[in-house]
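Numbering (our numbering), first residue to last: 9 to 308.
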């Protein structure tokens with residue numbers, strides 16, 4: 009029972025972060041499930057089953073609060089589903105023990121991407137939207153959206169990582185954050201359905217535990233509408249850095265176990281927190297350096 013409660017809490021936290029940042033549910037839950045010994049294929053199927061329900065709840069909530077662009081959802085969902093077939097097929101046909109270190113490296117790469125992303129001060133346009141902008145359909149540079157969606161579909165089929173690939177790309181292209189997060193969460197439903205269908209066709213129900221899926225669903229569905237409501241008020245940098253830290257620590261431990269690297273544990277428990285602190289204070293350090301340069305330039 010205590011294990012199921014922890015899974016439910018993980019689902020709640022992951023869904024809250026995912027609904028607020030457009031990323032984090034799949035990698036967070038995958039890290040937790042892989043660390044318990046569940047096979048990679050069963051982990052991906054479990055996470056994507058949960059993502060169907062949480063995605064529906066999040067998508068409906070984002071739609072209710074006006075955070076969804078239907079055109080963007082279609083441009084993400086269709087190529088994302090194609091990528092999901094590729095990722096899930098690879099996962100189902102490779103030995104789980106051989107794949108664990110590869111998945112750990114992939115999840116660490118996702119964690120590093122999130123860490124770098126949220127170590128910077130986000131432009132105001134990527135933290136909140138004006139009331140005028142909220143009433144208009146978003147305009148953005150659409151080039152490459154389908155490629156990002158295919159790539160996100162592949163990583164989703166492997167480790168449930170859809171948002172960390174697609175959401176930063178959309179923000180970089182100028183999509184307002186509420187539309188990026190809302191549209192990514194909505195399109196994620198189609199990608200999760202295809203991932204689950206492909207995996208279950210390949211492995212059947214082997215390794216999928218109904219209790220774990222139900223607990224993750226319970227926590228995630230409760231958090232989804234709350235996250236959609238508070239997406240404009242939560243501090244994105246704090247949440248992003250928390251997700252990055254969790255991914256890096258859990259997956260560095262997974263790599264240490266897989267490759268029997270005793271010294272790497274100290275790196276995980278000391279080096280990663282130091283990197284998180286540096287990322288958190290990076291904007292202040294850059295501001296001080298800039299101020300110092302201006303003072304020296306004025307003195308000259």
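Here a beta-carbon is modelled for each residue, glycine too, at the ideal position from N, C-alpha and C.
On a predicted model such as this, the values are computed, not experimentally measured, just so you know.
Per the Cβ contact rule, the segment 216-234 is in contact with the segment 44-63 (3 or more Cβ pairs under 8 Å). The continuous alpha helix (DSSP H) containing residue 56 extends over residues 48-72. DSSP places residue 90 in the uninterrupted alpha helix (DSSP H) bounded by 78-100. In this structure, DSSP gives residue 171 a helical state, which the three-state scheme calls helix. If the five residues before and after residue 176 are omitted, its C-beta is found closer than 6 Å to the C-beta atoms of 125, all from its own chain and listed in chain order. As the crow flies, the alpha-carbon of residue 48 is around 30 Å from that of residue 245.
Cβ-Cβ distances below 7 Å link residue 188 to 30, 175, 178 and 179 in the same chain, with the five nearest sequence neighbours on each side left out; the list follows chain order. Rounded to the nearest angstrom, the gap between the Cα atoms of residue 69 and residue 294 is 38 Å. Within the same chain, 49, 207, 210 and 211 come within 6 Å of residue 100 by CB-CB distance, once the 5 residues on both sides are set aside. Counting along the chain, residue 198 sits inside the alpha helix (DSSP H) bounded by residues 185-211. Taking C-alpha positions only, residue 260 is separated from residue 253 by approximately 11 Å. Rounded to whole angstroms, the Cβ separation of residue 290 and residue 127 is 5 Å, and the two are in contact under 8 Å. One alpha carbon belongs to residue 12, the other to residue 120, and they sit about 29 Å apart. Around the Cβ of residue 26, a 10 Å sphere holds 16 or more other Cβ atoms; the residue is buried.
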